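J.: One structure is given below, represented as structure tokens, and several questions about it will come after.
Numbering (my numbering), first residue to last: 1417 to 1593.
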């Protein structure tokens, strides 16, 4: 049977970046809901049990999972990243890379001064974080921003949000001053 990228993840009701623990937890939870021997509310669905079991077999085995994900087009993964909302990059907290932590930058980043304006100095590395409602955090690196990444997932719950920012061409910005 041919699967799309999201079909196995959807069968287990998890996101593509789910850990082995999340996969196992979801598999067990769904079996308790849909297995005819386990539920008493008439929710038994043998086809759903088969789909959940097949998804678990593939996604719980690191070799099979890597094989499965490598066969899927990258565009399918992007479709899975459907942001629930957009958060301005100005609301994220900048964390400089260890090489940027000098006495003059240890207290304030060139990206996050009190006015929310970028500093005069261009950042080399580092990352931004924003708290999620699950107590996890969204994290996006300066490198990802430079590559045009504008959607990021929470490290805790897997919720996706858009990151709102404007790319400023440094040549144009310097010419306007």
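Heads up, the beta-carbon is just placed ideally off N, CA and C, and yes, glycines get one too.
As the structure is a computational prediction, the values presented were derived from the model and not from experiment.
Using a Cβ-based criterion (distance less than 8 angstroms to any ligand heavy atom), does residue 1430 qualify as near the ligand SAH?
T.: The ligand SAH is absent from the structure shown, which contains no ligand whatsoever.
J.: Quick one: measure Cβ to Cβ for residue 1430 and residue 1437, integer angstroms, because I've assumed they're closer than 8 angstroms.
T.: Their Cβ separation, rounded to whole angstroms, is 11 angstroms, which puts residue 1430 and residue 1437 out of contact at 8 angstroms.
J.: What is the rounded straight-line gap between the Cα of residue 1464 and the Cα of residue 1450?
T.: If you take the alpha carbons of residue 1464 and residue 1450, they lie about 7 angstroms apart.
J.: Which residue's Cα is closest to the Cα of residue 1542: 1428, 1575, 1512?
T.: For the residues 1428, 1575, 1512, the minimum Cα distance to residue 1542 belongs to 1512.
J.: What did DSSP end up calling residue 1445 once you bin it into helix, strand or coil?
T.: Here residue 1445 sits in helix by DSSP.
J.: If you draw a straight line from the C-alpha of residue 1428 to the C-alpha of residue 1469, how long is it?
T.: Roughly 9 angstroms separates the two Cα atoms.
J.: For residue 1553, does the three-state DSSP call read helix, strand or coil?
T.: Looking at residue 1553 - three-state DSSP - the assignment turns out to be strand.
J.: Let me know the secondary structure DSSP gives residue 1425 once reduced to three states.
T.: In this structure, residue 1425 counts as helix in the three-state DSSP scheme.
J.: Residues in the same chain with beta-carbon distance under 6 angstroms from residue 1472, minus the five sequence neighbours each way, listed in chain order, please.
T.: So the list reads 1443, once near-sequence residues are dropped.
J.: Given that a residue counts as buried once 16 or more other Cβ atoms are within 10 Å of its Cβ, and exposed if not, what is residue 1556?
T.: Per the 10 Å Cβ criterion, buried.
J.: Check the Cβ-Cβ distances between residue 1424 and every residue of chain D, and say whether any is below 9 angstroms.
T.: Protein chain content of the structure displayed is limited to a single chain, and chain D is not contained in it.
J.: Can you list, in chain order, the residues of its chain with a C-beta nearer than 8 angstroms to that of residue 1503? Leave out the 5 residues immediately preceding and following it.
T.: So the qualifying residues of the chain are 1546, 1554, 1577, 1578, 1579, 1580.
J.: Using C-beta distances below 8 angstroms, list every residue in its chain close to residue 1572, excluding the 5 sequence neighbours before and after it, in chain order.
T.: If we look at residue 1572 and ignore the five residues flanking it on each side, its Cβ neighbours are 1548, 1550, 1551, 1552, 1553.
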